[in-house]
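> Dropping a structure here in structure tokens format, bear with me for questions.
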Amino acid sequence: MSLTQSARPTPTLFNVSADNWRLAIVVALVVSIIAGIVLPAAVSFWLIGAMVALVAASFVVNAYRRRYYGGLLVAPAIAVLFVMNIFPLLWSLGLSFFAYQSNQQSIRFVGLNNYIKVLTNEIAAPDNWHALSNTALFVVLTVSAQMIVGFLLAMLFAKQFPLRKYLLILVLTPMMLSVVASGVFFTYYYDPTFGILSYVVNDATDGQFILMSSKAGAVAGIVFADAWMWSPFVMLLVLAGLVSVPKYLYEAAAIDRVSAWRRFWSITFPYIRGLLMLALLFRTIEAFKLADLVILLTKGGNDTMTISYHLIRIANEQNKTSEGAALSYVMLFMVIVLTNLYLYLANRRNKGG
């Protein structure tokens, strides 16, 4: 049978059939929006779930009739991804348009009121923007420290020397630890009574040294702990680029008696530039979500409250679920803007090169 004979015509939007996934998406969106606004939450939840099942079934029927067996094979994985990731994301987005608290049963539609409140409210907005400014400070300091330390470590381990293999495993160990374990370790490390840091400084100054007693010390302690954990990640990416540089380029440069700086700028840097940009993107996104180390080391004290920890307190401790959801999507928008800015700069650099 030829491809022309086996091909099925693509159904139009208004053609009612089991495999018309376009019509199923439109119907699901319309019904879900109306149900979320008009019907009670207990009813709209199941109705929206039924609309999701309708769309999924239309995709499966469409794939079966058109013999897209590859799509059918990955359908279970997509279903798990939807249930575990996409559905909670969409559900939290829906909650951001309602007035809902986790300790109450009432829920009502308020539109963009939660977004307006977290951005302009006289009480909430200053705290939000102050936490955001603290987050920006942590992003600049932690990412800069990780990029510098990770790059220097990569340059070191790109060379062969005795015990290199064992030292490399030792350097990679912090990245393998959980954040809780690292946070507890640095809690004892910074402890003013029996911490190692305080013990050394106290012997040198004949006084009690408390690192976390000021904002500068608390920020430095958090930055050091975060850089200690994630500098090896940057090192791995940069090291992958360094070991890929062809040896004959260095040999030719040595014959021409090119300076060390010129060799690095003309030969080494072009191979690691893309990986450095990738490490910068990944670590910036992760630093923007910094909350765990702040909770473990300072609990937001000494003016170290980050936007992620502030979001946790709004949603969980104050039970302002809808406001927390709105603030989380404001954060998501900022991360998307940063990512697109990175991609724009990367593409512009590639075109210029």
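Count along the sequence shown starting at 1, add 66, and that's the number in our numbering. All C-beta atoms, glycine included, are put in the ideal place defined by N, C-alpha and C.
Whole alpha helix (DSSP H) runs in the segment 95 to 137 with 4 or more residues, listed along the chain?
Whole alpha helix (DSSP H) segments, 4+ residues: 107 to 131.
> How long is the line joining the alpha carbons of A326 and A224, rounded to whole angstroms?
Looking at the two C-alpha atoms, the distance is approximately 15 Å.
> Look at the Cβ atom of A381, then the Cβ atom of L161, and state whether they are nearer than 7 Å.
Not a contact, by the Cβ cut-off of 7 Å.
> Is T370 buried or exposed, if buried means 16 or more other CB atoms sit within 10 Å of its CB?
Result: buried.
> Can you tell which of N86, Y130, F153 has the C-alpha that lies nearest to the C-alpha of I114?
Answer by Cα proximity: F153.
> Quick check: the segment 291 to 300 against the segment 313 to 324, are at least 3 beta-carbon pairs closer than 8 Å?
Judged by Cβ distances under 8 Å, the segment 313 to 324 makes no contact with the segment 291 to 300, as fewer than three pairs qualify.
> Report, in whole angstroms, the separation of the C-beta atoms of Y408 and L347, which I expect to be a contact under 8 Å.
Between L347 and Y408 the Cβ distance is about 5 Å, and since that is below 8 Å, they are a contact.
> Can you tell which of S279, G307, E352 has the C-alpha that lies nearest to the C-alpha of K365?
Taking only the C-alpha atoms, the option nearest K365 is S279.
> Starting from the C-beta of V109, find all residues in its chain whose C-beta is less than 8 Å away, skip the five residues before and the five after it, and write them out in chain order.
Same-chain partners within the cutoff: A101.
> Count the other CB atoms within 10 Å of the CB of Y166; is the residue buried (16 or more) or exposed (fewer)?
Looking at its Cβ environment, which holds 16 or more other Cβ atoms inside 10 Å, Y166 is buried.
> In angstroms, rounded to a whole number, what distance separates the CA positions of V126 and V149?
Computed Cα separation, rounded: 16 Å.
> Can you name the residues that DSSP bridges to Y166?
For Y166, which the question treats as bridged, DSSP gives the partners I173.
> Can you have a look at K183 and say buried or exposed, based on whether 16 or more other CB atoms are within 10 angstroms of its CB?
With 16 or more other Cβ atoms within 10 Å, it is buried.
> What residues in its chain sit with their C-beta under 8 Å from that of N81, if we drop five residues either side in the sequence?
Result list for N81: L89, in chain order.
> When the Cβ atoms of the segment 353 to 363 are set against those of the segment 321 to 341, are three or more pairs found closer than 8 Å?
Counting Cβ pairs under 8 Å, fewer than three are found: no touch.
> Taking only three categories from DSSP, how would you classify N86?
Three-state DSSP puts N86 in coil, outside helix and strand.
> Report the option in F399, L342, S172, S374 whose CA atom is closest to the CA atom of L303.
Of F399, L342, S172, S374, the residue nearest in Cα terms is L342.
> State yes or no: is the C-beta of I378 within less than 7 Å of the C-beta of L198?
No, Cβ-Cβ distance for I378 and L198 is not below 7 Å.
> Looking only at its chain, what residues have a beta carbon closer than 6 Å to the beta carbon of L203, apart from the 5 residues adjacent to it on each side?
Contacts found: none.
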